[in-house]
Amino acid sequence: MGAEENSVEKHTARQKLDELSSKFISSASRQGFTERFEYVVKNFLLPALAYAEASFERKPILTLFTGIFFVLGAIPFFTYAIVCGTALAGYCFVALASLLVATIATLIPLSTILLAVLAGAGLASAFVTAMLVSAFLFIRLAILVRQDGKDGAAEWLSDVKEYVTGVFATLPYLSKSAEKRSATPSPQPDAYRETSALKPEHPTENVYTVSPTLSAPVVEGTAY
Numbered sequence: 021m022g023a024e025e026n027s028v029e030k031h032t033a034r035q036k037l038d039e040l041s042s043k044f045i046s047s048a049s050r051q052g053f054t055e056r057f058e059y060v061v062k063n064f065l066l067p068a069l070a071y072a073e074a075s076f077e078r079k080p081i082l083t084l085f086t087g088i089f090f091v092l093g094a095i096p097f098f099t100y101a102i103v104c105g106t107a108l109a110g111y112c113f114v115a116l117a118s119l120l121v122a123t124i125a126t127l128i129p130l131s132t133i134l135l136a137v138l139a140g141a142g143l144a145s146a147f148v149t150a151m152l153v154s155a156f157l158f159i160r161l162a163i164l165v166r167q168d169g170k171d172g173a174a175e176w177l178s179d180v181k182e183y184v185t186g187v188f189a190t191l192p193y194l195s196k197s198a199e200k201r202s203a204t205p206s207p208q209p210d211a212y213r214e215t216s217a218l219k220p221e222h223p224t225e226n227v228y229t230v231s232p233t234l235s236a237p238v239v240e241g242t243a244y
């Protein structure tokens with residue numbers, strides 16, 4: 021009698037689980053979630069329940085102890101897993117934040133020092149370049165004056181002007197301005213325009229006259 025009652029109770033529990041699963045599956049709105057739930061029920065839950073029933077029939081005391089142990093140990097186990105996962109995620113976040121802060125705190129002073137050093141190097145380069153160019157120009161002036169006197173000084177000044185003009189001509193804005201100025205025709209005075217307007221389009225042909233005072237004819241040409 022006891023075995024029959026246990027089997028009836030087991031079948032009743034299994035029927036209830038099947039009914040609950042069927043109701044849940046029928047009420048699910050998403051097909052993907054329904055398929056996953058069916059997969060879990062068919063491949064894990066129902067085989068585990070069948071294994072528990074078979075084990076309870078063979079070894080009821082051990083199966084009862086194992087079931088109670090799993091039920092009582094599930095809460096501490098999941099609590100442990102949640103706490104460990106949360107702590108690990110927190111440690112990772114703190115480590116990444118600390119790494120970011122340390123990197124920024126290290127890069128800002130070093131970048132400032134680098135920019136200051138580069139600015140100093142630029143100023144020093146400009147000063148040394150100016151000194152070398154000045155020394156070269158002074159030496160060239162001395163050589164030209166010694167060789168040609170005032171003509172050498174004039175030649176030196178002309179060379180400097182050509183160099184400076186060439187340097188400024190290489191600049192984009194100044195070169196474009198110079199091209200525009202050269203392309204724009206210079207305005208002509210009003211008197212020149214009036215004279216050019218009165219000038220005929222085709223010049224008059226040369227008129228030849230013979231001088232009567234000379235024995236040989238002398239041809240004189242006058243263009244009007």
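Positions in the sequence shown are counted from 1; adding 20 to them yields my numbering. Here a beta-carbon is modelled for each residue, glycine too, at the ideal position from N, C-alpha and C. Every value quoted in this text rests on a predicted model; they were computed, and no experiment measured them.
Anticipated Cβ contact below 8 Å, residue i with residue j, distance rounded
i	j	result
alanine 94	threonine 83	So it is not a contact: roughly 17 Å between Cβ atoms.
arginine 34	leucine 69	6 Å
leucine 157	valine 180	7 Å
alanine 173	leucine 161	7 Å
First and last residue of the uninterrupted alpha helix (DSSP H) at residue i
i	result
leucine 69	66-78
Beta carbon of residue i nearer than 7 Å to that of residue j
i	j	result
leucine 164	glutamate 175	yes
valine 61	serine 42	no
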